[in-house]
Every structure is written in C-alpha cells, then in structure tokens.
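Colleague: Quick one: the structure is below, and I'll ask about it shortly.
Number of protein chains: 2
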Amino acid sequence: MRGMADNTLPVTASAPPVPDALEVIRTRSVVRDYTAEPVDDAAVDTLLEALLAAPSASNKQAWAFVVVRQRARVRRLRAFAPGVIGTPTLMLVACVDQSRVGGDPNLAGAARMCVAMAVQNFLLAAHALGLGACPVHSFLPDPIRLLLGIPGHLKPVLVVPTGYPARDAQPSDRRDKDEVIRYETYR
Amino acid sequence: MRGMADNTLPVTASAPPVPDALEVIRTRSVVRDYTAEPVDDAAVDTLLEALLAAPSASNKQAWAFVVVRQRARVRRLRAFAPGVIGTPTLMLVACVDQSRVGGDPNLAGAARMCVAMAVQNFLLAAHALGLGACPVHSFLPDPIRLLLGIPGHLKPVLVVPTGYPARDAQPSDRRDKDEVIRYETYR
C-alpha cells in the first residue's frame, strides 16, 4: 500500500493544468449560459490578478472594478443589463476612473481602451480556468451606479457576466482574414 | 548510441514550450527597446490569429490592422509616433472600421474597445513567443494614414511597436488592489 501511495498524485495537483496561452487566446469564445456552480474565492483572485496586469496608458490605472456574486444582487444587476442572457454566478462591472484622466479627451479614450484590455485579460483567465464570460456594452449605467453605490467619477463601460458554461461555446463567424489585415500598406 | 538517440527530443520539439495562459497574463509588461532580430512570418501569423480571436460587439468586427516590417517604412512610421521609443522590427497599426458601425456612437465606442481587446491578445501572444511590445496612443493619425494609404473610414486608434526585447522588461508600479477593486458594492 505504501508503494501505491507513493504513486498517487498529491491532492494539490488535482486541478487540471492551465492550457498554454496561445491555445487559450485561440479557443476563447463568448459564453452566455451558465450553470449554478459558484465561482470560488481562489478563482476570483486569479481573475482579478489578470485584470490588474493589463497595460495602462501613462500608467494612470484610471480604472475601477466591482465584483458581484451575491445571487439577489446579480439578479438585480442583470435586470439593468439587457445584453446579459443567461444567469451568471458572477458579474464584473468595469469602470473608467475619470478623476485620474482630468479633462484630457485623448487620455479618457486611452483609459477606456485600457479597461477593455483589462477585461480581455479577465476573459482569457476565465477561459483558462474553465469559466465562460461575455463582455456586454448594452446596459443602463445610472441604475447600476445606484444599485452598487458607484460614485460619479467612475463611469461603467463594460459589464461582464461570468460563470461555468452550461454548454460548449460556439465560435462566432468571422470575416476573412484578407479583408481585415494588410501587409506594409493598406493599398 | 541508439539508446542515447532514443532519449533525444525530436528537432520539431526544439522551440521552447509556450507558457501557460495565467503566467503569460501575469508576466507581460511593456517592452520599449528591441533587438535588430526580425519577426518571422510564422510569428506574424500567430500574432494575427490572436488579434482576430478577440471578442467583437454584435460581431461587427469593425476593425482593420496593418502590419509593417520593412525597415524604411517602420522608420517613417516611427517618426509620426513620438510615443515609440526604441526601434521596433514590426509595427502594428490598429484601426476602427467606422463604415461598419454606422452613425451609432455606442457601437463606435464598443468597436474601439474591441480593437483594444484584439491588441491585448496580440500583446499576450507576442509575450508568449518571447517578443515584447507596447501599445501607443500618442501618434499623428493623418501622416500615418497618408504613409500607409489607410482610407478615410478606418480610424487608427493604437500603434504597437513590437520586437525581441533588448533587455528584461520591468513591471510597472501598480496602485494597491484594494484601491481599484470592490466586492458586491462600491461603498
């Protein structure tokens, strides 16, 4: 029995290995339907770490994020985001912090792109952990602000329903590569 | 000798393995100085595949990308992008395709975020391949448009100098996690 025990993997190695980065980037797809299985604290920490590892224009880090998992609050939040289809077990609200970009419209535009990059990190980390998510642009910012107590200088720009996928994600149809990529010049 | 040969990895396995997705997300950092080593066609294909695997609001794919590697053209492009510091061997110009979002300002904003997400995929794929890059918001769009023949309906929003890192990237200082993340509500 001792011999068998020596051949048994330790319990800590039982989590599936994280797939390689290129595979995760290639195979991520939008997930709109979720099981009821909750997202645990360890997974949330990994997702948040990924968010905050994004590039930041002029290192302003002009962003703020609210993570919602309580079921009643998720349900109310969902009511203000008609772009959310299934019932997620986690919702991320991603905001631009306007107090950190002053009145500079270029910097405000850049800050919004940085939030999008952070959310892309979140989506990829979610996929790497076996979760699925969907960036949603269609929501009512004012009721969400009120529900979550988000102050005026933070502008919600994306809502991200997240959870374990209820079914296999379908890759979306894509335009031909030659239509959207040019080499050296556009001509 | 046969025994030794059996223990030798095949030549096709000689490329370093791609690190796992979470590691790539965590360790990516801005790279501003590059060696003269060119980015080969296989790497370019991988980078472009990553770009086009990004999410797209309403699946509009309202984006277009120009990849520049010819040295003289990179040098001229660089002259119009004061945010570019070193001498990259590749420059990506990432554009929103305004003809695909009509006059809808919400969709235009979403399209810009999708381009940013695509560029984040590009940055992560670059890091996974041992390349380094830096998203640059500060550039002169009109001369770049003229130089590359970019038509009026395409709006350049990011320029991304890319190449093999000349030195180890330094992670940037970051705000405390508790400052930018809230759980359940912002209060």
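Each protein sequence line maps, in turn, to chains A and B. This note's numbering runs 261 ahead of the 1-based position in the first sequence. This note's numbering runs 261 ahead of the 1-based position in the second sequence. Glycine included, every Cβ here is placed at the ideal spot set by N, Cα and C.
Pop quiz: B:F400 and B:G344 are said to be a contact at Cβ under 8 Å. What is the actual Cβ separation, rounded to whole angstroms?
Modeller: Contact flag correct, Cβ pair sits at about 6 Å.
Colleague: Taking the alpha-carbon positions, what's the A:V328 to A:D365 distance?
Modeller: If I take the Cα positions, the gap works out to 28 Å.
Colleague: Quick one: does B:V335 have its CB under 7 Å from some CB of chain A?
Modeller: No, because no Cβ of chain A sits closer than 7 Å to the Cβ of B:V335.
Colleague: Any chance you could list the beta strand (DSSP E) runs of at least 3 consecutive residues sitting entirely within the stretch 314-370 of chain A, in chain order?
Modeller: DSSP runs (the beta strand (DSSP E)) wholly in the stretch 314-370 of chain A: 324-329 and 351-358.
Colleague: For the pair the stretch 346-358 of chain A and the stretch 432-445 of chain A, tell me if three or more CB-CB distances fall below 8 Å.
Modeller: No, the stretch 346-358 of chain A does not touch the stretch 432-445 of chain A.
Colleague: Grab me the residues of A:V292's own chain with a C-beta within less than 7 Å of its C-beta, minus the 5 sequence neighbours each way, in chain order.
Modeller: So the list reads G393, A394, C395, P426 and A430, once near-sequence residues are dropped.
Colleague: Which whole-angstrom value describes the C-beta separation of B:A314 and A:R443, a residue pair presumed to lie in contact below a C-beta threshold of 8 Å?
Modeller: The Cβ separation is near 19 Å, so there is no contact.
Colleague: Closest to A:R361 by CA distance: which of A:Y295, A:P432 and A:G413 is it?
Modeller: If we check each option's Cα against that of A:R361, A:G413 comes out closest.
Colleague: Hey, does A:Y444 have any beta-carbon neighbour from chain B nearer than 7 Å?
Modeller: It does: the Cβ of A:Y444 has a partner Cβ on chain B nearer than 7 Å.
Colleague: Is there at least one Cβ from chain B nearer than 7 Å to A:Y425's Cβ?
Modeller: For A:Y425, the answer is no, since every Cβ of chain B falls outside 7 Å of its Cβ.
Colleague: The alpha helix (DSSP H) that contains B:T288, what's its start and end?
Modeller: Segment A282 to T288, the alpha helix (DSSP H) holding B:T288.
Colleague: Can you give me the Cβ contacts of B:L368 inside the same chain, cut-off strictly under 8 Å, excluding the 5 residues immediately before and after it?
Modeller: If we look at B:L368 and ignore the five residues flanking it on each side, its Cβ neighbours are A318, S319, K321, A323 and V362.
Colleague: Alpha carbon to alpha carbon, how far is A:P316 from A:C375?
Modeller: Cα to Cα, the separation comes out at about 6 Å.
Colleague: Would you list the one or two residues that DSSP bridges to B:P426?
Modeller: Note: B:P426 sits in a beta bridge opposite B:Y295.
Colleague: Is the shortest distance between the beta-carbon of B:H398 and the beta-carbons of chain A less than 7 Å?
Modeller: Yes, contact with chain A.
Colleague: Of all the residues that make up the stretch 302-334 of chain A, which are near chain B by a beta-carbon distance shorter than 9 Å?
Modeller: Listed in sequence order: V305, T307, L309, E310, A311, L312, L313, A314, A315, P316, S317, A318, S319, N320, Q322, W324, A325, F326, V327, V328, V329, R330, Q331 and R334.
Colleague: Are the beta-carbon atoms belonging to A:L397 and A:V420 less than 7 Å from one another?
Modeller: First, the amino acid is wrong: residue 397 of chain A is Val here, not Leu. Yes, they are a contact pair.
Colleague: In terms of residue numbering, what span does the alpha helix (DSSP H) encompassing A:G442 cover?
Modeller: Note that residue 442 of chain A is Ile in the sequence shown, not Gly. Counting along the chain, A:I442 falls outside any alpha helix (DSSP H), though it belongs to the beta strand (DSSP E) covering I442 to Y444.
Colleague: Does A:L283 come within less than 7 Å of chain B when only Cβ atoms are used?
Modeller: For A:L283, the answer is yes, since a Cβ of chain B falls inside 7 Å of its Cβ.
Colleague: Comparing the C-beta of B:Q381 with each C-beta of chain A, is any distance below 7 Å?
Modeller: Chain A contact via Cβ: present.
Colleague: Thinking just about the alpha-carbon of each residue, which of A:P280, A:I346, A:L283 and A:P277 is nearest to the one in A:T296?
Modeller: Here the closest residue by C-alpha is A:I346.
Colleague: I want to see whether chain B comes within less than 7 Å of A:Y447, judged by CB atoms only; does it?
Modeller: True, the Cβ-Cβ gap to chain B drops below 7 Å.
Colleague: With burial defined as no fewer than 16 other Cβ atoms inside 10 Å of the residue's Cβ, what is the status of A:D358: buried or exposed?
Modeller: Per the 10 Å Cβ criterion, buried.
Colleague: Closest by CA to B:G410, which one among A:S290, A:V305 and A:E445?
Modeller: Measuring from the Cα of B:G410, the nearest candidate turns out to be A:E445.
Colleague: Buried or exposed for A:A389, going by 16 or more other Cβ atoms inside 10 Å?
Modeller: Counting Cβ neighbours within 10 Å, A:A389 comes out buried, since at least 16 surround it.
Colleague: List the residues of chain B whose Cβ lies closer than 9 Å to the Cβ of A:A389, in chain order.
Modeller: Those within 9 Å of A:A389 in chain B are D281, A282, L283 and I286.
Colleague: Straight-line CA distance for A:A266 to A:A303?
Modeller: Any reading at A:A266 needs caution, since the residue's pLDDT is 42, under 50, leaving its predicted position unreliable; the model's value is listed next. Their Cα atoms are separated by approximately 28 Å.
Colleague: For A:L338 and A:I405, which I take to be in contact (beta-carbon distance under 8 Å), what is that distance rounded to the nearest angstrom?
Modeller: That belief holds up - the Cβ atoms of A:L338 and A:I405 are roughly 6 Å apart, short of 8 Å.
Colleague: Skipping 5 residues on each side, what residues in its chain have a beta carbon closer than 8 Å to that of A:V449?
Modeller: This structure leaves residue 449 of chain A out entirely; chain A is present only between 262 and 448.
Colleague: From A:A371 to A:D403, what does the alpha carbon distance come to, in whole angstroms?
Modeller: Rounded to the nearest angstrom, the two C-alpha atoms are 23 Å apart.
Colleague: Grab the span of the alpha helix (DSSP H) containing B:V407 for me, first residue to last.
Modeller: It should be noted that the sequence gives Leu, not Val, for residue 407 of chain B. Residues P402 to L409.
Colleague: So which of B:M378, B:Q331, B:A325 and B:A333 has the shortest CA-CA distance to B:L415?
Modeller: Answer by Cα proximity: B:A325.
Colleague: Just confirm the distance between the C-beta atoms of B:H282 and A:V305, as a whole number of angstroms; I'd bet it's less than 8 Å.
Modeller: It should be noted that the sequence gives Ala, not His, for residue 282 of chain B. In fact, because the Cβ distance is near 17 Å, the residues do not count as touching under 8 Å.
Colleague: Within 7 Å (strictly less), CB to CB, does B:I411 reach chain A?
Modeller: By this cut-off, B:I411 is an interface position.
Colleague: Return the Cβ separation of A:D294 and A:R428 in integer angstroms, given the expectation that the two are a contact with Cβ distance under 8 Å.
Modeller: With a Cβ gap of about 6 Å, A:D294 and A:R428 count as contacting.
Colleague: Pull up the DSSP beta-bridge partners for B:K416, would you.
Modeller: Beta-bridge pairing links B:K416 to B:V357.
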